[in-house]
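Q:
Number of protein chains: 2
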Amino acid sequence: MVDGTNRQWILTERPTGEPSTDDFSLREEPIPEPGPNEALVRTSYLSVDPYMRGRMRDADSYADPWTLGEPMRGRVVGEVIESNVDDVAVGDLVRGNLHWAEYAVATGAELDPVDTGEAPPSTALHVLGMPGLTAYVGTVEVGHVRPGDTVVVSGAAGAVGSLAGQIARIAGCRVVGVAGSAEKTAWLTDELGFDAAVNYRRVEDLPSAIESACPRGVDLYFENVGGPVSDAVMDRLTDYSRVAVCGKISLYNLPEGERATGPRRLHQRTRTRVEGFIVSDYDHLAESVSRRLARWVEEGEVRYRETVTEGIENAPAAFLGLFEGENVGKQLVKVGR
Amino acid sequence: MVDGTNRQWILTERPTGEPSTDDFSLREEPIPEPGPNEALVRTSYLSVDPYMRGRMRDADSYADPWTLGEPMRGRVVGEVIESNVDDVAVGDLVRGNLHWAEYAVATGAELDPVDTGEAPPSTALHVLGMPGLTAYVGTVEVGHVRPGDTVVVSGAAGAVGSLAGQIARIAGCRVVGVAGSAEKTAWLTDELGFDAAVNYRRVEDLPSAIESACPRGVDLYFENVGGPVSDAVMDRLTDYSRVAVCGKISLYNLPEGERATGPRRLHQRTRTRVEGFIVSDYDHLAESVSRRLARWVEEGEVRYRETVTEGIENAPAAFLGLFEGENVGKQLVKVGR
Chain A
705 MVDGTNRQWI LTERPTGEPS TDDFSLREEP IPEPGPNEAL VRTSYLSVDP
755 YMRGRMRDAD SYADPWTLGE PMRGRVVGEV IESNVDDVAV GDLVRGNLHW
805 AEYAVATGAE LDPVDTGEAP PSTALHVLGM PGLTAYVGTV EVGHVRPGDT
855 VVVSGAAGAV GSLAGQIARI AGCRVVGVAG SAEKTAWLTD ELGFDAAVNY
905 RRVEDLPSAI ESACPRGVDL YFENVGGPVS DAVMDRLTDY SRVAVCGKIS
955 LYNLPEGERA TGPRRLHQRT RTRVEGFIVS DYDHLAESVS RRLARWVEEG
1005 EVRYRETVTE GIENAPAAFL GLFEGENVGK QLVKVGR
Chain B
705 MVDGTNRQWI LTERPTGEPS TDDFSLREEP IPEPGPNEAL VRTSYLSVDP
755 YMRGRMRDAD SYADPWTLGE PMRGRVVGEV IESNVDDVAV GDLVRGNLHW
805 AEYAVATGAE LDPVDTGEAP PSTALHVLGM PGLTAYVGTV EVGHVRPGDT
855 VVVSGAAGAV GSLAGQIARI AGCRVVGVAG SAEKTAWLTD ELGFDAAVNY
905 RRVEDLPSAI ESACPRGVDL YFENVGGPVS DAVMDRLTDY SRVAVCGKIS
955 LYNLPEGERA TGPRRLHQRT RTRVEGFIVS DYDHLAESVS RRLARWVEEG
1005 EVRYRETVTE GIENAPAAFL GLFEGENVGK QLVKVGR
């Protein structure tokens, strides 16, 4: 039994429209005690991700909604402090879908060992974790990336987008990123090897900027944002083009019941295939994709950046910052040592 | 050399928005004379099809635009009157992409023999021709129809839609048609074996009508129309659903430069695949699909209806009627004997 206090975030309101820090409440409780076949994990890093906006809704979706008054769930990397689980030892680094909290109790089945080799353990929450698999699946499995393609990635400086663009680059493509600041676009072209990057917040005419960056049109669009950025990209789709719909963050904070409108898009002439996907359908690929990404990271072919917010008390702010585009690369919350 | 007059339709204007009969002009010329390796064909039936609206535009598309001042092209079935082509004899029934005219000259390569077995030759322009292949490809190749699917077809009483629904029925699906008159919906359910049909012009609340007709949601949507009918159907798509975009006739007559708007549709949560297609990409399947459809017609499994307009002089009116939904089944123009 570990003495002390466990600070954990509770969902107190389901927002309609823009969420705010008022929707969350930080509750202090004694550090919980693991039961049989359970372990106590001290969080090192908590991952906050755009998909979590959907969990704030009480609606049928692929991810169960968070329950009001209960701790919110999220992927964490942490250290085992106490263990009643065979094969899980005190001091082990583990990953799991645990709580927005300093400590959490989990069953053995809920925990995976973290093995990131030379890379720091936090990479288990991005390049060597779910965002890495998402980037690979959207580009390769859903997007059917082909050498010579022009690939556009929106949300390109995010955890998933930055990896998707680099995978497409390795696959022999011309890669164009769309992002929302000069710092981000510079990172994409100068460090990650994107062929071009468009700052959608600064260009006067987004469609022309996309056209200049994609003189042969867009063969594959990795969609993270929705809205006007999509419109500009999707007007340039080539024959037999593909759109991998990973997310649409610009539309997540619409008031309940309100629907975004825009051009009607049914790409018959170009034979475009638009396909939505959810990474959990591809769990069977997780291990092999993670190995590929680990190798590329080791070889310097794939790079990543982390935006680290310190302290569990700042987790909601870090989460809300995703919708403002405040992160470059993966947004993490550093909780423990 | 055949004496007499050949009446043929010329495109005189490129309409913006709704086309009208003023965009066409009936020209009388002497019946043309076939040169070396050419034959003279007397049109029996001319096919008018929604895709022809695109040919009125001077825009890059999969079908070459019609040339102003020249005869418009369209698929015809006709009889060979004179022939300088080996293997094409006077009296042969042929099919080709010829003129909106009583007579046309064509090379041997432009003509296919018509072999419709027990079925009348006009079926070479629908169930045993391009519309039949379109229906099959959209349902099977693009739509990946599966037994147990709920399949919705819009434009369901048209040449393509009526066949798509019957193919889905044969494939073991619950089939729901959306059409624009009581006569049409009765035909779908009473004669073609659709499980349900919705008259979108008469229901008070289209989304509710679709919901009632599709209690388990929509697994495959065969899209012919675009617009609000699509909205109602696409709100009911199931996980891993598919949308085969064959056409969007309700949007074809927008003024140039104007874009239809509607709900933004990027179906990520349901992992929907939306895919446009063009039948000419599937010419390699034409023969085998035509054989299947011929067998089903013979067995009474697939039925068809023709709406026949008499006289080449009425061809533009027949074409324009497509956009008003005046046809039930395949719209043809009967030109010759």
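Top line first, the protein sequences correspond to chains A and B.
In case it helps, our numbering puts the first sequence at residues 705 to 1041.
In case it helps, our numbering puts the second sequence at residues 705 to 1041.
C-beta atoms are modelled at their ideal positions from N, C-alpha and C, and glycine is treated no differently.
Fair warning: this is a prediction, and the values are worked out from it, not measured in the lab.
#1: Are the C-beta atoms of Tyr986/B and some chain A residue less than 8 Å apart?
#2: Does DSSP classify Pro775/B as helix, strand or coil?
#3: What is the residue span of the beta strand (DSSP E) that Gly800/B lies within?
#4: Measuring alpha carbon to alpha carbon, tell me which of Leu750/B, Val745/B, Ala805/B, Arg973/B ends up nearest Glu732/B.
#5: Quick check: is the beta carbon of His848/B nearer than 8 Å to any beta carbon in chain A?
#6: Spell out whether any CB of chain B is found under 8 Å from the CB atom of Gly951/A.
#7: For a test of the three-state rule: what should DSSP assign to Tyr904/B, helix, strand or coil?
#8: Can you check whether the CB of Ala813/A is closer than 8 Å to the CB of Glu786/A?
#9: Where does Asn1018/B sit, in a helix, a strand or coil, going by DSSP?
#10: Name the chain B residues whose beta carbon is nearer than 8 Å to that of Ser912/A?
#11: In angstroms with no decimal places, state the Cα-to-Cα distance between Thr854/B and Arg920/B.
#12: Excluding sequence positions up to five away, which residues of its chain have a Cβ less than 7 Å from the Cβ of Ala1019/A?
#13: Have a look at the DSSP bridge pairing and note the partners of Ala948/B.
#14: Quick one: does Ser765/A have its CB under 8 Å from some CB of chain B?
#15: For a quick check, are the C-beta atoms of Val1045/A and Arg873/A less than 8 Å apart?
#16: From the DSSP secondary-structure annotation, give me the bridge partner or partners of Val1052/A.
#17: Three-state secondary structure (DSSP) at Asp791/B?
#18: So what does DSSP say about Phe728/A, is it helix, strand or coil?
#19: Answer yes or no: does any C-beta atom of chain A fall closer than 8 Å to that of His971/B?
#20: Which two residues bound the contiguous beta strand (DSSP E) that contains Gly966/A?
#21: Does the segment 816-825 of chain B come into contact with the segment 791-798 of chain B, if we say contact requires no fewer than three beta-carbon pairs (one atom in each stretch) closer than 8 Å?
#22: Evaluate Gly961/A with the Cβ neighbour count: other Cβ atoms within 10 Å of its Cβ, from every protein chain shown; 16 or more gives buried, anything less gives exposed.
#23: On the three-state DSSP scale, how would you describe Asp659/A?
#24: Can you check whether the C-beta of Thr942/B is within less than 8 Å of a C-beta belonging to chain A?
#25: Comparing alpha-carbon positions, which option in Gly881/B, Glu991/B, Glu1028/B, Ala998/B lies nearest Ser724/B?
#26: Any idea which residues DSSP pairs Gly862/A with across the strands?
#27: Could you check whether Ser934/A and Gly905/A sit closer than 8 Å to each other, using their CB atoms as the reference points?
#28: Taking a Cβ distance cut-off of 8 Å, strictly less, list which residues of the segment 1010-1029 of chain B are near chain A, in chain order.
#29: With DSSP run on the structure shown, which of helix, strand or coil describes Tyr956/A?
#30: So Glu915/A is in the beta strand (DSSP E); what residue range does that whole segment cover?
#31: Do we get a CB-CB distance below 8 Å when we pair Val978/B with the residues of chain A?
#32: Given a threshold of 16 other Cβ atoms within 10 Å of its Cβ, counted over all protein chains shown, does Gly1004/B qualify as buried or as exposed?
#33: For Pro967/A, which residues in chain B fall below 9 Å Cβ to Cβ?
#34: CA-CA distance, Pro754/B and Asn928/B?
#35: Are the CB atoms of His988/A and Gly980/B within a distance shorter than 8 Å?
#36: Can you tell me which of Val856/B, Leu730/B, Leu955/B puts its alpha carbon nearest to the alpha carbon of Gly720/B?
A: In short:
#1: Numbered from its first residue, the second sequence carries residue 986/B at position 282. No, no contact with chain A.
#2: Along the second sequence, one-based indexing puts residue 775/B at 71. Taken through DSSP and simplified to helix, strand or coil, Pro775/B comes out as strand.
#3: Taking the second sequence and counting its residues from 1, one reaches residue 800/B at position 96. Per DSSP, the continuous beta strand (DSSP E) segment holding Gly800/B begins and ends at 797-803.
#4: Taking the second sequence and counting its residues from 1, the one referred to as residue 732/B is at position 28. If we check each option's Cα against that of Glu732/B, Ala805/B comes out closest.
#5: Against the second sequence, residue 848/B aligns to sequence position 144. No, His848/B does not count as interfacial toward chain A.
#6: Reading the first sequence from its first residue, position 247 is the one you call residue 951/A. Chain B, which has a Cβ nearer than 8 Å to the Cβ of Gly951/A, makes this yes.
#7: Walking along the second sequence from the start, residue 904/B turns up at place 200. DSSP, reduced to helix, strand and coil, places Tyr904/B outside both helices and strands of the structure shown, so it counts as coil.
#8: As a position in the first sequence, residue 786/A is number 82, starting the count at 1. As a position in the first sequence, residue 813/A is number 109, starting the count at 1. Going by C-beta atoms, Glu786/A is not nearer than 8 Å to Ala813/A.
#9: Taking the second sequence and counting its residues from 1, the one referred to as residue 1018/B is at position 314. If DSSP states are grouped into helix, strand and coil, Asn1018/B belongs with the helices.
#10: If you number the first sequence from 1, residue 912/A lands on position 208. None at all; the shortest Cβ gap to chain B is about 17 Å.
#11: Counting from one through the second sequence, the residue named residue 854/B turns up at place 150. Counting from one through the second sequence, the residue named residue 920/B turns up at place 216. Spanning the two alpha carbons is a distance of roughly 7 Å.
#12: Numbered from 1 along the first sequence, position 315 holds the residue referred to as residue 1019/A. So the qualifying residues of the chain are Trp713, Leu750, Val752, Trp804, Val1037.
#13: For the purposes of this step, residue 948/B is taken as residue 244 along the second sequence, with counting starting at 1. Its beta-bridge partners are Phe926/B, Glu979/B.
#14: On the first sequence, residue 765/A is found 61 positions in, with the first residue counted as 1. Chain B, which has a Cβ nearer than 8 Å to the Cβ of Ser765/A, makes this yes.
#15: As shown, chain A starts at 705 and ends at 1041. That puts residue 1045/A outside it, with no answer to give.
#16: Because chain A in this structure spans residues 705 to 1041, residue 1052/A falls outside the shown range and cannot be described.
#17: For the purposes of this step, residue 791/B is identified with residue 87 of the second sequence, where counting begins at 1. Residue state, collapsed to three classes: coil.
#18: Numbered from its first residue, the first sequence carries residue 728/A at position 24. In the structure shown, Phe728/A sits in a strand (DSSP, three-state: E or B).
#19: In the second sequence, the residue the question calls residue 971/B occupies position 267. Yes, its Cβ sits closer than 8 Å to a Cβ of chain A.
#20: Position 262 of the first sequence, counting from 1, holds the residue named residue 966/A. Boundaries of the beta strand (DSSP E) around Gly966/A: 965-967.
#21: yes
#22: Taking the first sequence and counting its residues from 1, the one referred to as residue 961/A is at position 257. Exposed, because fewer than 16 other Cβ atoms sit within 10 Å of the Cβ of Gly961/A.
#23: Only positions 705 to 1041 of chain A appear in this structure, which leaves residue 659/A out of reach.
#24: Start at 1 with the first residue of the second sequence, and residue 942/B comes out as number 238. By this cut-off, Thr942/B is not an interface position.
#25: Here residue 724/B refers to the residue found at position 20 when the second sequence is read from its first residue. Taking only the C-alpha atoms, the option nearest Ser724/B is Glu1028/B.
#26: Position 158 of the first sequence holds residue 862/A. For Gly862/A, which the question treats as bridged, DSSP gives the partners Gly1033/A.
#27: Taking the first residue of the first sequence as position 1, residue 905/A is located at position 201. Taking the first residue of the first sequence as position 1, residue 934/A is located at position 230. The question names Gly, but residue 905/A is Arg in the sequence shown. It is not a contact, given that the beta carbons lie outside the stated cut-off.
#28: none
#29: In the first sequence, residue 956/A corresponds to position 252, counting from 1. It is coil, neither helix nor strand.
#30: To locate residue 915/A, count along the first sequence from 1; it is residue 211. Looking at the DSSP string, Glu915/A is not in any beta strand (DSSP E); the run it does join, the alpha helix (DSSP H), is 910-917.
#31: Stepping through the second sequence from its first residue, residue 978/B is reached at position 274. Answer yes: the Cβ-Cβ gap between Val978/B and chain A drops below 8 Å somewhere.
#32: Counted from its first residue, the second sequence places residue 1004/B at position 300. That one is exposed.
#33: Along the first sequence, one-based indexing puts residue 967/A at 263. Under the 9 Å cutoff, chain B gives Arg963, Ala964, Thr965, Gly966, Arg968.
#34: Sequence index remark: in the second sequence, residue 754/B carries index 50 (1-based). Sequence index remark: in the second sequence, residue 928/B carries index 224 (1-based). Cα to Cα, Pro754/B sits roughly 10 Å from Asn928/B.
#35: Here residue 980/B is taken as the residue at index 276 of the second sequence, counted from 1. Here residue 988/A is taken as the residue at index 284 of the first sequence, counted from 1. No.
#36: Counting from one through the second sequence, the residue named residue 720/B turns up at place 16. Looking at the sequence shown, residue 720/B is not Gly but Thr. Measuring from the Cα of Thr720/B, the nearest candidate turns out to be Leu955/B.
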